[in-house]
Structures are given as structure tokens and as C-alpha cells.
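Going by UniProt numbering, the residue at position 122 of the sequence shown is 122; the numbering climbs one at a time, nothing skipped. All C-beta atoms, glycine included, are put in the ideal place defined by N, C-alpha and C.
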Amino acid sequence: MMCCRLFSRLPSAERTRPAKGHAASAALGAIAALALPFAAIPPLSAQEAPEQEATSTSSAQVRAGTYAADPAHTRITWSVSHLGFSTYSGLLPAVEGTLVLDEDDTDKSRVEVTVPVARAGTLDPELDAHLKTSDFFDSAKYPTATFRSTRIEAAGRTARITGDLTLRGVTRPVTLDVTFRRAGPRPTDKAYAVGFDATATIKRSDFGMTAFLPLVGDAVDLRIEAEFLAK
């Protein structure tokens with residue numbers, strides 16, 4: 001029987017209900033945060049040395065222009081409470097997206113990200129397969145989730161980025177708390193890159209994922225780690 005191991009120890013009455021929550025939330029965060037953070041950071045006029053850590057909070061930290069997410073180094077991790085005994089986590093890798101930094105007006109900066117939810121992983125093959133079903137991501141019908149920024153509030157090395165997250169056909173606003181890490185040429189290939197971390201918390205019930213509430217938590221914590229490369 002295809003059953004999510006995460007719920008294998010729930011009472012039988014609960015196991016018969018659809019299990020949607022986990023994955024959905026994962027996707028959410030995934031999308032939402034990934035690229036937006038950079039739009040919040042004003043453009044840069046001078047390139048940093050490869051070995052120099054970006055610590056300045058001035059507006060000269062990041063070059064203006066268009067960037068593409070590096071799928072190999074951009075991912076979303078989601079975490080949710082399981083029965084109150086533990087925190088269960090999963091990964092949404094290979095995120096793709098575009099970041100545009102406007103040199104004259106940060107309000108015109110923007111980011112759009114696409115998350116391939118069919119690649120959601122937990123290191124448990126059975127659960128990974130279950131996440132693809134209609135109980136969770138329903139990836140056959142909704143193969144991707146998207147996030148588009150709508151507002152950016154920058155403050156030195158940090159920013160709050162608000163955008164629309166669309167998952168399983170449902171769109172809701174999500175706010176990311178972003179921390180800028182570094183900008184400059186990567187020492188390995190000299191490609192000009194910008195990196196950041198971001199966090200957000202969403203409610204899976206906002207996206208219609210209500211199965212197993214409250215045994216499986218409604219709040220889903222998202223952590224995004226991303227690199228964008230100048231085009």
C-alpha cells in the first residue's frame with residue numbers, strides 16, 4: 001500500500017484521510033523566497049575581489065543588471081512539526097529563476113522563481129513518491145510552483161521581500177526575510193555571482209492543505225539558499 005511513512009503511526013481513522021500538507025507547504029516556501037532577496041539589494045558599482053567577504057551595507061554591493069539562478073546552488077528546505085514529537089524536513093532542489101536589479105530605482109527590481117515540485121525529496125523513496133500524488137503536490141497536474149516579487153524593502157545587508165506564491169493553482173502572498181551574503185567573481189570560474197539566505201513561514205492550510213491537522217503542523221518553515229549569476 002502506498003502510504004506516507006510520515007503518517008504511518010497515525011490512528012487508523014486519520015490514515016484514511018488525504019495527506020496533503022507536508023509537500024504543499026514545502027513547495028510554497030520553495031518558490032516564494034528564492035530569488036526575491038536580491039531584488040532588495042541595491043546595485044553595485046565596483047566588483048569585489050574574489051577573496052573579499054562582502055560586509056558593506058552600502059548600496060554599492062551588487063552590480064545592476066539581469067541574473068539567472070544557478071540551479072546547482074539554489075534550493076529550498078522545508079520543515080514541519082510531526083505529532084509534536086519531531087520536526088520533519090524535506091528539500092526542493094534545482095530552483096530556476098531570473099533576478100533583475102535596477103540601478104536607478106530599487107522599486108523596479110524584481111525576481112521570478114520556478115520550483116520543480118516533482119523533485120521534492122526527503123531521503124525516503126516511498127514518501128518521495130507520495131509527495132508527487134494528489135495528496136500533496138499533485139505534480140502531474142501542477143509540475144511547478146512559482147514566486148513573483150511585488151514589494152522589496154531593503155535595509156543594508158537585509159531585506160523583506162513580499163511576493164505572490166502559486167502552488168497547486170492557489171496564489172497567496174508570502175514575505176521573505178533575506179540576508180545578503182556576498183557579491184563578486186567566484187574563485188572557481190570567475191563568474192560574477194550574488195548569494196543570499198532567506199527564511200519564511202507559511203500555513204499549508206492557506207493553500208488548501210488541511211490533511212492531518214493538527215497532528216501534522218500547519219506552519220511550515222522555509223529556508224532558501226541561493227546563488228544568482230550575472231548574464
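| task | Check each candidate in ASP138, LYS141, ILE152 and SER89 and name the one with the smallest Cα separation from THR122. | result | As a position in the sequence shown, residue 122 is number 122, starting the count at 1. Cα-wise, what sits closest to THR122 is SER89.
| query | Closest by CA to THR66, which one among PRO187, GLY97 and GLY156? | reply | Stepping through the sequence shown from its first residue, residue 66 is reached at position 66. Ranking PRO187, GLY97 and GLY156 by Cα distance to THR66 puts GLY97 first.
| query | If you run the structure through DSSP and keep just helix, strand and coil, what is PRO71? | reply | Sequence index remark: in the sequence shown, residue 71 carries index 71 (1-based). Correct three-state label for PRO71: helix.
| Can you tell me where the alpha helix (DSSP H) with GLU126 in it begins and where it stops? | Numbered from 1 along the sequence shown, position 126 holds the residue referred to as residue 126. Start and end: 125-131.
| As assigned by DSSP and simplified to three states, the class of ALA118 | As a position in the sequence shown, residue 118 is number 118, starting the count at 1. Helix at ALA118.
| said: I'd like the list of long-range same chain contacts for ARG75, defined as Cβ closer than 7 Å, with 5 residues on each side in sequence excluded. | reply: For the purposes of this step, residue 75 is identified with residue 75 of the sequence shown, where counting begins at 1. Answer for ARG75: LEU91, LEU92, PRO93, VAL95 and GLU225, listed in chain order.
| said: Suppose you measure from the CA of ASP104 to the CA of ALA64; what does that come to, to the nearest Å? | reply: The residue labelled residue 104 in the question sits at position 104 within the sequence shown. The residue labelled residue 64 in the question sits at position 64 within the sequence shown. Using only the alpha carbons, I get a separation of about 9 Å.
| said: Here's a check: name, in chain order, each residue in its chain whose Cβ is nearer than 7 Å to the Cβ of SER139, leaving out the five neighbours to either side. | reply: Sequence index remark: in the sequence shown, residue 139 carries index 139 (1-based). VAL117, ALA118 and LYS132.
| Residue of VAL115, PRO143 and LEU99 minimising C-alpha distance to LYS108 | Numbered from its first residue, the sequence shown carries residue 108 at position 108. Selected option, being the one with the closest Cα: LEU99.
| Where does SER134 sit, in a helix, a strand or coil, going by DSSP? | Along the sequence shown, one-based indexing puts residue 134 at 134. Three-state DSSP puts SER134 in coil, outside helix and strand.
| Between PHE137 and ALA120, which are expected to be in contact by the criterion C-beta below 8 Å, what is the C-beta distance as a whole number of angstroms? | For the purposes of this step, residue 137 is identified with residue 137 of the sequence shown, where counting begins at 1. For the purposes of this step, residue 120 is identified with residue 120 of the sequence shown, where counting begins at 1. 6 Å between Cβ atoms; contact.
| query | What are the boundary residues of the beta strand (DSSP E) that ARG148 is part of? | reply | In the sequence shown, the residue the question calls residue 148 occupies position 148. Unbroken beta strand (DSSP E) run through ARG148: 144-155.
| task | Assign ARG160 to one of three DSSP states: helix, strand, or coil. | result | Here residue 160 refers to the residue found at position 160 when the sequence shown is read from its first residue. Correct three-state label for ARG160: strand.
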